[in-house]
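Chemist: If you count the sequence shown from 1, position 106 lands on 105 in numbering that gives the first Met the number 0, and the numbers rise without skipping.
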Amino acid sequence: MSHDVGGARPGRGKVLVVGMDGLRFDRLTRSPSAAPVLHGLMAAGAVGTSLLPYGEADGHAENGPSTSMAYTDSGPGWSSILTGVWPDRHGVRGNDFGGADYARYPDFLTRAATAGLRTAAAVSWPQLVRRGVLGPAIDRRRRFNGEFRGYRTADRRVARTALRWLTRHDPDVVFVYFGATDEAGHDTGPLSPAYDRALLAQDAHLGRLLQAIDARRSDPRRAHERWTVLVTTDHGHLDSGGHGGDTHAEREVFVILAEPGGLDGTRPTGDRPDDTRPFGAEPADRGPTDPGPLGTPPADNRPHSAQPTDRGPTGMQPDGTHPNSTRPNSTRPHSAQPADNRPHSTQPADRGPDGTHPNSARPDGTRPHSARPDSTRPNSAQPADNRPDNPRPPGAQLDAPRLIDIAPTVLDRLGIPVDPAWGLQGRVLPRPIAPTSDRS
Numbered sequence: 000m001s002h003d004v005g006g007a008r009p010g011r012g013k014v015l016v017v018g019m020d021g022l023r024f025d026r027l028t029r030s031p032s033a034a035p036v037l038h039g040l041m042a043a044g045a046v047g048t049s050l051l052p053y054g055e056a057d058g059h060a061e062n063g064p065s066t067s068m069a070y071t072d073s074g075p076g077w078s079s080i081l082t083g084v085w086p087d088r089h090g091v092r093g094n095d096f097g098g099a100d101y102a103r104y105p106d107f108l109t110r111a112a113t114a115g116l117r118t119a120a121a122v123s124w125p126q127l128v129r130r131g132v133l134g135p136a137i138d139r140r141r142r143f144n145g146e147f148r149g150y151r152t153a154d155r156r157v158a159r160t161a162l163r164w165l166t167r168h169d170p171d172v173v174f175v176y177f178g179a180t181d182e183a184g185h186d187t188g189p190l191s192p193a194y195d196r197a198l199l200a201q202d203a204h205l206g207r208l209l210q211a212i213d214a215r216r217s218d219p220r221r222a223h224e225r226w227t228v229l230v231t232t233d234h235g236h237l238d239s240g241g242h243g244g245d246t247h248a249e250r251e252v253f254v255i256l257a258e259p260g261g262l263d264g265t266r267p268t269g270d271r272p273d274d275t276r277p278f279g280a281e282p283a284d285r286g287p288t289d290p291g292p293l294g295t296p297p298a299d300n301r302p303h304s305a306q307p308t309d310r311g312p313t314g315m316q317p318d319g320t321h322p323n324s325t326r327p328n329s330t331r332p333h334s335a336q337p338a339d340n341r342p343h344s345t346q347p348a349d350r351g352p353d354g355t356h357p358n359s360a361r362p363d364g365t366r367p368h369s370a371r372p373d374s375t376r377p378n379s380a381q382p383a384d385n386r387p388d389n390p391r392p393p394g395a396q397l398d399a400p401r402l403i404d405i406a407p408t409v410l411d412r413l414g415i416p417v418d419p420a421w422g423l424q425g426r427v428l429p430r431p432i433a434p435t436s437d438r439s
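(1) Among 400, 108, 183, 87, whose alpha-carbon lies nearest the alpha-carbon of residue 429?
(2) So residue 127 and residue 77 are in contact, right, with Cβ under 8 Å, and what is the actual spacing, rounded?
(3) Where does residue 47 fall in DSSP's three states?
(4) Please return the same chain residues whose Cβ sits closer than 7 Å to the Cβ of residue 30, not counting the five positions on each side in sequence.
(5) Quick one: what does DSSP say residue 275 is sitting in, helix, strand or coil?
(6) So what does residue 91 bridge to, in DSSP terms?
(7) Would residue 257 pass as a contact of residue 41 if the rule is Cβ separation under 9 Å?
(8) Excluding the 5 residues flanking residue 236 on each side, which residues of the same chain have their C-beta closer than 6 Å to its C-beta?
(9) Run the CB neighbour count on residue 113, radius 10 Å, all protein chains shown included, and call it buried at 16 or more, exposed below.
(10) Going by the DSSP bridge assignment, what does residue 19 pair with across the sheet?
(11) Pull up the CB-CB distance for residue 137 and residue 116, whole angstroms please, since I reckon it's below 8 Å.
(12) Select from 175, 248, 232, 403 the residue whose C-alpha is nearest the C-alpha of residue 239.
(13) Can you check the region 120 to 148 for any beta strand (DSSP E) of at least 3 residues that lies completely inside it and give the ranges in chain order?
(14) Return the first residue and the last residue of the alpha helix (DSSP H) that residue 211 is part of.
(15) Roughly how many angstroms lie between the CA atoms of residue 414 and residue 135, to the nearest whole one?
(16) Residue 272 to residue 43, Cα distance in whole Å?
(17) In terms of DSSP beta bridges, what is residue 227 paired with?
(18) Are there 16 or more other CB atoms within 10 angstroms of the CB of residue 65, so buried, or fewer, so exposed?
(19) Give the secondary structure of residue 408 by DSSP, where H, G and I count as helix, E and B as strand, and everything else as coil.
(20) Measuring alpha carbon to alpha carbon, tell me which residue in 422, 416, 15 is nearest residue 161.
(21) What are the start and end residues of the beta strand (DSSP E) that includes residue 253?
(22) Could you have a look at residue 118 and say whether DSSP puts it in helix, strand or coil?
(23) Counting along the chain, where does the alpha helix (DSSP H) carrying residue 150 start and finish?
(24) Leaving aside the five residues before and after residue 426 along the sequence, list all residues of the same chain whose C-beta is less than 7 Å from its C-beta, in chain order.
(25) Excluding five sequence neighbours on each side, which residues of the same chain lie with their C-beta closer than 7 Å to the C-beta of residue 45?
(26) Kindly list the residues whose CB is nearer than 7 Å to the CB of residue 417, restricted to its own chain and excluding five residues on each side of it in sequence; keep chain order.
(27) Rounded to a whole number of angstroms, what is the C-alpha to C-alpha distance between residue 155 and residue 74?
(28) Could you tell me whether the Cβ atoms of residue 67 and residue 245 are closer together than 9 Å?
(29) Helix, strand or coil for residue 74? Go by DSSP, reduced to three states.
(30) Among 251, 34, 69, 226, whose alpha-carbon lies nearest the alpha-carbon of residue 57?
(31) If we ignore side chains and look at the alpha-carbon of each, how far apart do residue 55 and residue 140 end up?
(32) Any idea if residue 192 is buried or exposed, counting beta-carbon neighbours within 10 angstroms, 16 or more meaning buried?
(33) Who pairs with residue 172 in a beta bridge, going by DSSP?
(34) Around the Cβ of residue 87, are there at least 16 other Cβ atoms within 10 angstroms (buried) or fewer (exposed)?
(35) Suppose the cutoff is 6 Å on Cβ atoms and the five residues either side in sequence are ignored; what does the same chain contact list for residue 253 look like?
(36) Roughly how far, in whole angstroms, is the beta-carbon of residue 93 from the beta-carbon of residue 72, given that I think they are within contact range, below 8 Å?
If you want it as structure tokens, here you go:
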């Protein structure tokens, strides 16, 4: 990746894609104070939701999904986001990544790198790199092990890495993955205070990245840059925590699309015609739960520690995993390795003689959908309409954006023509129209 801040390509756009794992849309939109930066982004751009076209009906298929093309899990979700095709093409049906065909359907960063653009990806779920979802052609790939370090810590390091790229280098497309919301969803459920705190922390990370983009566009050397920002998730969660099934709560996903600067390089406005706040910023009269000015971390954020190398700290296994990467009592489904792949001495105490979790329903070693051992409600038992109605999100509305629409949209904004031979199933999302408001 070039270090020359003046080496941007006139006429081409730049793209930041931010993934927030397991983020339920109703928890995001319930109040601006829940995620002030994301609400500012929606107000300046457009947002829409859709339902994943997959999810196992019984939620506990013993030999892989039998009633659908995939579980509503992270492996299929992020594979669909990054490749632009559904599981029936990229082949990933669960978090074991069995059947993946990334050679035929590579991620959008790999396609951008092939076209000669500068690419970068930072993730806190190491499987996205380890399993090849993010290909080796990407210029900069940094993975931090949220499974071992905890996603709050790993997410901070992801944000710090991406911020450095945006301020010191000149990437054309950046992909960032945060996983703390999914971790909290599995541990305590998406209705819990811990989930709200995880969302607010990720919101603050996003604020820093948007602030860096805004600073780039204030630099005369970069004034011509045209950025597109996309934020999305891979699946939802049951109220009790967990996913994999076919309920509305598990299948609902969202896409936020905003383009600071637009085609003419001017800054977007906020809620008022005379509003000149930085892109994604909220009004000055924030409530008491707001984390502070845009890009300011919550008060309990500790200073970042030194960043590990791409291969992780000393003591990693040959495949890059840490021998203790699976924590006792954690049923997070991200871990795609069977339990018996780890040394016997590192098995959590609550596992059976064969190394599997007592509640594990999958012989391939992936984790169960339910986040907690005491959760016995099947995934299909939750009605789709049991959640309270939320206020309509701010900003323009996208018409049912799908996860597979992100890859072709990224390529379009980068100026890369989509070859029909690639077999992408998504469509290019339209540029958002600036919303109008008569609020004073």
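The C-beta atom is built at its ideal place from N, Cα and C for all residues, glycine as well.
Predicted model only: the values in this text are computed from it and were never measured.
Modeler: Let me spell this out:
(1) Counting from 1 along the sequence shown, the entry for residue 429 is found at position 430. Residue 429 has its Cα closest to that of 400, out of 400, 108, 183, 87.
(2) Counting from 1 along the sequence shown, the entry for residue 127 is found at position 128. Counting from 1 along the sequence shown, the entry for residue 77 is found at position 78. The C-beta distance from residue 127 to residue 77 rounds to 6 Å, short enough to meet the 8 Å contact threshold.
(3) As a working mapping, residue 47 is identified with position 48 in the sequence shown. Residue state, collapsed to three classes: strand.
(4) By one-based count along the sequence shown, residue 30 stands at place 31. Within the same chain, residue 30 has no close Cβ partners at all.
(5) Translated into the one-based positions of the sequence shown, residue 275 becomes position 276. A caution first: residue 275 carries a pLDDT of 36, below 50, which makes its placement in the model too unreliable to give a value.
(6) Sequence index remark: in the sequence shown, residue 91 carries index 92 (1-based). Note: residue 91 sits in no beta bridge, so no partner.
(7) For this step, residue 257 is matched to residue 258 along the sequence shown. For this step, residue 41 is matched to residue 42 along the sequence shown. Against a cut-off of 9 Å, the Cβ pair of residue 41 and residue 257 comes out as a contact.
(8) To locate residue 236, count along the sequence shown from 1; it is residue 237. Result list for residue 236: 21, 23, 184, 189, 242, in chain order.
(9) The residue you call residue 113 lines up with position 114 of the sequence shown. Counting Cβ neighbours within 10 Å, residue 113 comes out exposed, since fewer than 16 surround it.
(10) Position 20 of the sequence shown holds residue 19. Note: residue 19 sits in a beta bridge opposite 177.
(11) Mapped onto the sequence shown, residue 137 falls at position 138. Mapped onto the sequence shown, residue 116 falls at position 117. That pair is no contact at about 10 Å.
(12) Stepping through the sequence shown from its first residue, residue 239 is reached at position 240. Cα-wise, what sits closest to residue 239 is 248.
(13) 139 to 142
(14) In the sequence shown, the residue the question calls residue 211 occupies position 212. Element bounds for residue 211: 192 to 217.
(15) In the sequence shown, counting from the first residue as 1, residue 414 sits at position 415. In the sequence shown, counting from the first residue as 1, residue 135 sits at position 136. Rounded to the nearest angstrom, the two C-alpha atoms are 22 Å apart.
(16) For the purposes of this step, residue 272 is identified with residue 273 of the sequence shown, where counting begins at 1. For the purposes of this step, residue 43 is identified with residue 44 of the sequence shown, where counting begins at 1. Here the model assigns residue 272 a pLDDT of 30, short of 50, so the residue's position is not dependable, and the following value carries that caveat. Taking the straight line joining both Cα atoms gives about 12 Å.
(17) Sequence index remark: in the sequence shown, residue 227 carries index 228 (1-based). DSSP output for residue 227 lists 14 as bridge partner(s).
(18) The residue labelled residue 65 in the question sits at position 66 within the sequence shown. Flag for residue 65 reads exposed.
(19) Residue numbering aside, residue 408 sits at position 409 when the sequence shown is read from its first letter. Residue 408 falls in the helix class under three-state DSSP.
(20) For the purposes of this step, residue 161 is taken as the residue at position 162 of the sequence shown. Nearest C-alpha to residue 161: 15.
(21) The sequence position of residue 253 within the sequence shown is 254, counting from 1. Its beta strand (DSSP E) spans residues 251 to 257.
(22) For the purposes of this step, residue 118 is identified with residue 119 of the sequence shown, where counting begins at 1. Strand.
(23) The residue labelled residue 150 in the question sits at position 151 within the sequence shown. Segment 150 to 167, the alpha helix (DSSP H) holding residue 150.
(24) In the sequence shown, counting from the first residue as 1, residue 426 sits at position 427. Taken in chain order, the residues that qualify are 404, 407.
(25) The sequence position of residue 45 within the sequence shown is 46, counting from 1. So the list reads 256, 394, 395, 396, 397, 431, once near-sequence residues are dropped.
(26) For the purposes of this step, residue 417 is identified with residue 418 of the sequence shown, where counting begins at 1. Answer for residue 417: 407, 410, 423, listed in chain order.
(27) The residue labelled residue 155 in the question sits at position 156 within the sequence shown. The residue labelled residue 74 in the question sits at position 75 within the sequence shown. Cα-Cα distance, rounded: 22 Å.
(28) The sequence position of residue 67 within the sequence shown is 68, counting from 1. The sequence position of residue 245 within the sequence shown is 246, counting from 1. For residue 67 and residue 245, yes; Cβs fall inside 9 Å.
(29) Numbered from 1 along the sequence shown, position 75 holds the residue referred to as residue 74. Three-state result, residue 74: helix.
(30) In the sequence shown, residue 57 corresponds to position 58, counting from 1. Checked all of 251, 34, 69, 226; the closest Cα to residue 57 is 69.
(31) Working through the sequence shown from its first residue, we reach residue 55 at position 56. Working through the sequence shown from its first residue, we reach residue 140 at position 141. Using only the alpha carbons, I get a separation of about 32 Å.
(32) Taking the first residue of the sequence shown as position 1, residue 192 is located at position 193. With fewer than 16 other Cβ atoms within 10 Å, it is exposed.
(33) Residue 172 sits at position 173 when you count from the first residue of the sequence shown. Partner(s): 14, 118.
(34) Reading the sequence shown from its first residue, position 88 is the one you call residue 87. So residue 87 counts as exposed.
(35) By one-based count along the sequence shown, residue 253 stands at place 254. Closer than 6 Å at Cβ, skipping near neighbours: 24, 48.
(36) Walking along the sequence shown from the start, residue 93 turns up at place 94. Walking along the sequence shown from the start, residue 72 turns up at place 73. Indeed they touch by this definition, with Cβ atoms about 5 Å apart.
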